[in-house]
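Q:
2 protein chains.
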Amino acid sequence: MPRAVAGRGDILPAIAEVFREHGYEGASLALIGQRTGLGKGSLYHFFPGGKDEMAAAVLAEIDAWFEAHMFGPLRDHAEPDVAIVAMLDATDSYFRSGGRVCLIGVFALGDARDRFGSAVQSYFARWVEALAEALQRGGREPSAARALAEEAVAAIQGGLVLARALQDTEAFTRTLGRIAITLTGRPRSAAGMASA
Amino acid sequence: MPRAVAGRGDILPAIAEVFREHGYEGASLALIGQRTGLGKGSLYHFFPGGKDEMAAAVLAEIDAWFEAHMFGPLRDHAEPDVAIVAMLDATDSYFRSGGRVCLIGVFALGDARDRFGSAVQSYFARWVEALAEALQRGGREPSAARALAEEAVAAIQGGLVLARALQDTEAFTRTLGRIAITLTGRPRSAAGMASA
DNA sequence: GTCTATAAAGCGATAGAC
DNA sequence: GTCTATCGCTTTATAGAC
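Top line first, the protein sequences correspond to chains G and B. Just so you know, we're using the numbering used here here: the first sequence kicks off at 1 and counts up by one. Just so you know, we're using the numbering used here here: the second sequence kicks off at 1001 and counts up by one.
Dropping the structure here:
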C-alpha cells in the first residue's frame, strides 16, 4: 500500500485553505487535521515546528506561485501589456472571482504580521514592483508606473475585503474591471473573464 | 470614591483597540482585561454576553461614529464636494494615516464575518451608498457615482492592508491622495493633510 | 462594581505504540 | 507514517466573597 501522503506538498493546499478561511489564530490543529484527514501525529511528522512551520510553508508556496505565475511574467514577458492582462486573469482565477480571500492580506491585518512580517512585506513589495516594471516597459513614466501599480494592488486587496463583507463576489469582478481600464485603457475582454 | 467605570462607554474604546489589533479570535479576555484595567468579573458585569457582546457593542459604536461623522454628512451636506473632502480628512484621521486598521475590514476577512455578517455588510453598503449619493448630487451620473464610490471604499480598505503589510503608513497616505483626485479632480489640500 | 477561585473545554505540542 | 493518549497551558465563562 502506498503511503497516504507522499510529502508536505500533498497537504499544503488543504492547510492553506484553513489558514485562509480562519486566519492564523483561528486555524486550530483540530481543523487542520480534519481538513487534511491526518491526525496530529502525522502533521507533526511533516511539520516538526508545528503550526508556525505549517504557516511558513503555506506562505512560501503561495509566494512561489505568485512569483512563477504573476511577478515573473510581469518582469520578463516580451509584451508587458499581455503580461498585465494575464495578471488580471490570473488574479480573477486565483481568488475565485472574489469568493476566495488573500491569505497574505489576512495575515497582514492580524497578529500574524508580526510573526511573518518579512514574508508578508516581500510579497506585496514584489507585486507592486513587478507591476510597476511592466507598466514602465509599456511606456509609462517611472513615477506614474509606480503609483498605478500600488493603486492596482491596493484595489485588488480592497476588492476582496469588499466582496467578502458584502457577500457579493461581483464587487470584486467590478473592481478588476476598473483596474483593467486604469492599467490598460481597455475593458477586460469577455474571453478573459469567461475563462477565469 | 466614584466608581472606576461609569458604564460600558468608558471602556469600549480600549476593547475596540484589542479587537482591531488582534482580530476576534486573537482578542482574549486576558488581553482585554489588561488593556481596560478590569478583571473578568467587571467585564462580565458590563457585558453578560461575554466576548460576543463586547464585539457587538464595539461594532455598534464604530458604526454610529461613521454614520454621524461620515455617512450622514455625505448624504445631507449642502455642498457634496465639501462633504467628500471632509470624508477623506476624517478617514485619514480615523485610521491614523494608515497606522490603524479597519476593525470591520478585519472582521470581514475572518471568521467574525459569519458571526456579525449583517453589521459588516451594512457598514460597507452604507458607506458606498452615502458616497455614491454625494457624488451624484455633485453632478455625476448615477452609475458612474456608484462605481466611483465602490472604487474609493475598496481603495481605502486596500490601502490599509498595503500600509500594514509594507509597514509603511505613507502607502495609505498616497492611496488617499489618489482617491481625492479621482473623486474631486483635485489633490488633497495641504491644510487637510496637516490637520489630519 | 470589583475581585479571586474555579469549572469545563479547547489549545498546541509531545510520547510512544504500531 | 499514522495513530491514540496525555501533558501543560490558555481559553471562555461562572460563582461567590467583599
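Virtual Cβ for every residue (Gly too), placed ideally from N, Cα, C.
Measuring only between beta-carbons, confirm whether B/G956 sits less than 8 angstroms from chain G.
A: Any answer about residue 956 of chain B is impossible in this case: the structure gives chain B only from 1001 up to 1196.
Q: Is B/V1153 helix, strand or coil when you go by DSSP?
A: helix
Q: With respect to the alpha helix (DSSP H) encompassing G/F66, which residues constitute its N-terminal and C-terminal limits?
A: K51 to F66
Q: Are any of the Cβ atoms in chain B nearer than 8 angstroms to that of G/T175?
A: yes
Q: Using a C-beta cutoff of 8 angstroms, does G/V58 count as contacting chain B?
A: Put simply, the CB of G/V58 is far from chain B, with every gap to its CB atoms at 8 angstroms or more.
Q: Strictly below 7 angstroms CB to CB, what residues from chain G border B/R1137?
A: Residues of chain G passing the Cβ test: none, with the nearest at roughly 22 angstroms.
Q: For B/E1151 and G/E133, I'd like the C-alpha separation in whole angstroms.
A: 24 angstroms
Q: Kindly indicate if chain G contains any beta-carbon less than 8 angstroms away from that of B/M1001.
A: Unreliable positioning characterises B/M1001 in this predicted model, as indicated by a pLDDT of 43, which lies under 50. A coordinate reading is not provided.
Q: Please classify G/V82 as buried or exposed, where buried requires at least 16 neighbouring CB atoms within 10 angstroms.
A: Burial check for G/V82: the Cβ neighbour count within 10 Å stays below 16, so the residue is exposed.
Q: Please list the terminal residues of the continuous alpha helix (DSSP H) segment that includes G/D168.
A: First-last for G/D168: undefined, no H or E at that position.
Q: Should G/M1 go down as buried or exposed, given a rule of 16 or more other Cβ atoms within 10 Å for buried?
A: Confidence is the limiting factor: at G/M1 the pLDDT is only 44, short of 50, which leaves the residue's position unreliable, though a coordinate-based value still follows. G/M1 comes out exposed.
Q: What does G/V18 reach in chain B if we use C-beta pairs closer than 9 angstroms?
A: Result: empty, since nearest Cβ-Cβ is about 11 angstroms, beyond 9 angstroms.
Q: With a CB to CB cut of under 8 angstroms and the five nearest residues on each side skipped, what residues in its chain are close to G/R186?
A: A180
Q: Note down the Cα distance separating B/A1149 from B/T1091, rounded to an integer number of angstroms.
A: Their Cα atoms are separated by approximately 14 angstroms.
Q: Kindly list, in the order they appear in chain G, the residues whose Cβ is closer than 8 angstroms to that of B/A1154.
A: A155, G158, G159, V161, L162, A171 and T175
Q: Using a Cβ-based criterion (distance less than 7 angstroms to any ligand heavy atom), does G/G105 qualify as near the ligand FMN?
A: The model depicted lacks the ligand FMN and carries no ligand whatsoever.
Q: Could you list the residues in the region 22-41 of chain G with a C-beta less than 7 angstroms from some C-beta on chain B, going in chain order?
A: Going along the region 22-41 of chain G in chain order, one finds H22, G23, E25 and G26 with a Cβ nearer than 7 angstroms to chain B.
Q: Can you tell me whether G/W65 is buried or exposed? The criterion is at least 16 other CB atoms within 10 Å of its CB, across all chains shown.
A: With fewer than 16 other Cβ atoms inside 10 Å of its own Cβ, G/W65 counts as exposed.
Q: From G/G72 to G/L88, what does the alpha carbon distance come to, in whole angstroms?
A: One C-alpha to the other measures close to 14 angstroms.
Q: Would you please verify whether the beta carbon of G/L197 is less than 8 angstroms from any beta carbon of chain B?
A: Given a span of 1 to 196 for chain G in the structure shown, any question on residue 197 of chain G remains unanswerable.
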